[in-house]
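Visitor:
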Amino acid sequence: MSVKLRVSYERPEELRRVLQLLHPDVKRWKAAGQTGRFKRAYVELREGKESDVSPGAEAGTPENPS
Numbered sequence: 073m074s075v076k077l078r079v080s081y082e083r084p085e086e087l088r089r090v091l092q093l094l095h096p097d098v099k100r101w102k103a104a105g106q107t108g109r110f111k112r113a114y115v116e117l118r119e120g121k122e123s124d125v126s127p128g129a130e131a132g133t134p135e136n137p138s
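Residue numbers for the sequence shown follow the numbering used here, beginning at 73 and rising by one.
1. Under the three-state reduction of DSSP, which class applies to Arg-112: helix, strand or coil?
2. Ala-104 and Ala-81 - do their beta-carbons sit closer together than 8 Å?
3. Short check: CB of Val-98 to CB of Leu-91, under 8 Å?
4. Val-115 to Pro-84, Cα distance in whole Å?
5. From the DSSP output, read off the bridge partner residues of Ala-103.
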């Protein structure tokens with residue numbers, strides 16, 4: 073399974089912060105060349121082992137209600 077994220081941001085510092093938070097899992101990322109208030113970046117995460125997710129971490133479970 074592959075995870076791809078689209079990140080919207082206004083300032084480059086915001087994108088850098090998101091990339092820092094995701095750093096160990098980022099496979100690749102690309103900032104879209106765009107003008108306007110909101111800019112976009114596309115981030116692809118490395119595939120992880122299923123054991124990396126704690127039990128009950130799926131959305132909608134009592135531990136993590138959505």
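By construction, the Cβ of each residue, glycine as well, lies at the ideal position given by its N, Cα and C atoms.
Guide: Reading it off the structure:
1. strand
2. Before going on, a small fix: residue 81 reads as Tyr here, not Ala. No, they are not a contact pair.
3. yes
4. 15 Å
5. Ala-113
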